[in-house]
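What follows is a single structure, written as structure tokens, with notes after it.
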Amino acid sequence: MKEHLIIFDTTLRDGEQSPGASMNAEEKMRIAKVLEKMRVDVIEAGFPAASPGDFEAVKAIATAIQDSTVCALARANAHDVDRAGEAVREARSGRIHTFIATSPIHMREKLRMEPDEVLEQAVRSVRHAREYCDDVEFSPEDAGRSDMDFLCRIVEAVIDAGASTVNLPDTVGYTLPSQFAGMIEGLMHRIPNADKAVFSVHCHNDLGLAVANSLAAVLAGARQVECTINGLGERAGNASLEEIVMAVRTRQDVFDCDSRIDATQIVPASRLVSTVTGFPVQPNKAIVGANAFAHEAGIHQDGVIKHRETYEIMRAEDVGWHANRMVLGKHSGRNAFGTRLRELGIEFKTEEELNSAFSRFKDLADKKHEIFDEDLQALVADADTQHANEKLRLVSLKVCSQTGEVPHAEVTVSMDGVERHGASEGSGPVDAAFRAIEAIVGSNGELQLYSVNNITSGTDAQGEVTVRIAQDGSIVNGHGADTDIVIASAKAYINALNKLVSRTTREHPQLAGLI
Ligand code: KIV
Ligand code: ZN
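Here my numbering is used: the first residue of the sequence shown is 5, the next is one more, and so on.
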């Protein structure tokens, strides 16, 4: 009988900390539902003390999710633990994850605390968290660069105080697999109460070793891995969920544990996270890259045709490629449309929302004959970005672009219900459209990213545009989808501006130190 490997997904917390990857509450909920469907054991939904918006998003996820534990992050102080505890109070299964740095450099330079004070604070926070729930996780931040003797002391103390999971983060992605495995093995061996807690790992990818370090730790006895979809995360990211899950599953000859993940949800989850954050997946990315299962070389193709396993160690369909690619079209009814959306994990709160999505689907089907799952996902995502109650809404756009002429755009935007008109020339139709919008809104934001992806193939495909705008230290992403990419671009730009308008101040869990 194999042991259970707990998959702890932190896409919504650590993943969201990467600059430009911030998500709104609806986007987070959509991702949480896909993670639940994928049978992730623990979803780290956010950092409730960061802002009222983060608190509400964690609370909503904790209330909605039934089959995964919902976890909230808290620095090791009473205020953070209270916010986390309140946010997961309604969860069917809730967890508080509290952390404090333990490496000499972090204690000295960031916290300005002595090791004994850090230990006391950790124990106090774990005890306080236990007043809210039985499931408490503790992380000694920057464990990878911490002193082993001090780690042993603090880990033993927090387990005594009631932590049932001890997570060892390689916060700065510094360790090597053999060293990290040695650390886990050493801790599990030296700490007398080690059997009272699950040992977990949380690796960053600064040296490209996050997955290798996590797997080495699992071989050394860790039974929880913290990871993110597509390896999203600060700097070079976190360990990628899909790579961890598939490595353990594919190499069952080596691992004496396995996860309960439904791997067929991996590709849909990867697409959703990429769409929401605007972080594209590189084509040669393991498991979820567009080329991950493509065989170009003739000799490989020949081998695969003769016997698939000559060159394939996993089956594309097992991780969700091509699965359920049911096509809808202009004659598909409301029932087929609703059923397919539910299968994709998209639920509407009211009949009215379903009807409005169905009418948008019909409009799209008039322009595009075959509607794929990706089109449906984009259609719903696009509707989320074009709420009638947003401050800014695109009313109309006219663009003239012809050889030998300077492109020119005229746009009407509704601002708080009042229609305003703007016009501008530009170096191309998209540039002209953005300038025309700026002539009305005057955000003076800096456009940091503009990317267009075709959602499906063919010239009738919808273009999905992501823009990233920076203004006064805030970075937001905007999305828009349409069969006309200039319209998709204008929608994406306005979506980003709406996010800038509604932004709230948030604290960064690692940089803020202790309150
Ligand atoms: O990387 C890290 O140390 C973290 C902790 C908060 C677990 O994200
Ligand atoms: Zn981290």
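C-beta: ideal position from N, C-alpha, C; glycine also.
It should be emphasised that the depicted structure is a prediction, and the values quoted were computed from it without experimental measurement.
Where the beta strand (DSSP E) through Gly-98 begins and ends = 98-105
Own chain, CB closer than 7 Å to Asp-262, minus 5 neighbours either side, in chain order = Lys-6, Leu-9, Val-252, Arg-253, Gln-256
Would Leu-236 pass as a contact of Thr-15 if the rule is Cβ separation under 8 Å?
-> The answer is yes: Cβ separation under 8 Å.
Does at least one heavy atom of ligand 2 sit under 7 Å from the Cβ of Asn-242?
-> yes
If we ignore side chains and look at the alpha-carbon of each, how far apart do Ala-78 and Val-122 end up?
-> 15 Å
Of the listed residues Tyr-178, Val-205, Asp-164, nearest to Pro-196 (C-alpha basis) | Asp-164
With hydrogens ignored, establish whether the beta-carbon of Asp-18 is closer than 7 Å to any heavy atom of ligand 2.
-> Yes, the beta carbon of Asp-18 sits closer than 7 Å to at least one heavy atom of ligand 2.
If you draw a straight line from the alpha carbon of Ser-278 to that of Val-285, how long is it in whole angstroms?
-> Computed Cα separation, rounded: 7 Å.
Closest by C-alpha distance to Val-170, when choosing among Val-399, Leu-191, Ser-182 = Leu-191
DSSP state of Val-505, grouped into three classes?
-> helix
Starting from Leu-77, follow the alpha helix (DSSP H) in both directions and report where the run begins and ends.
-> That residue, Leu-77, is in no alpha helix (DSSP H); its beta strand (DSSP E) goes 73-79.
Cβ neighbours of Asn-328 in the same chain (closer than 6 Å, five flanking residues each side left out) = Note on Asn-328: pLDDT 49, under 50, position unreliable in the model; no value is reported.
Other residues of its chain near Asp-488: CB distance less than 8 Å, five sequence neighbours each side excluded = Contacts found: Gly-467.
May I ask which residues mark the beginning and end of the alpha helix (DSSP H) holding Ala-68?
-> 56-68
Cα-Cα separation between Leu-518 and Leu-115, rounded to whole angstroms = Interpretation of Leu-518 is limited by its pLDDT of 43, a score under 50 that renders its predicted location unreliable; the figure taken from the coordinates is listed afterwards. Rounded to the nearest angstrom, the two C-alpha atoms are 7 Å apart.
Residues sharing a beta bridge with Gln-228, DSSP | Ile-10, Ser-204
Apply the 10 Å Cβ neighbour rule to Pro-528 and answer buried if 16 or more other Cβ atoms are within range, or exposed otherwise.
-> A question about residue 528 goes unanswered here, because the residues of the chain that appear run from 5 up to 519.
Report the three-state DSSP secondary structure of Thr-314 (helix, strand or coil).
-> helix
Asp-174 and His-208: beta carbons closer than 8 Å?
-> yes
Grab the span of the beta strand (DSSP E) containing Phe-341 for me, first residue to last.
-> Run containing Phe-341: none in the beta strand (DSSP E); it sits in the alpha helix (DSSP H), 338-347.
Which same chain residues, not among the five before or five after Ser-360, have their C-beta less than 8 Å away from its C-beta?
-> So the list reads Ala-387, once near-sequence residues are dropped.
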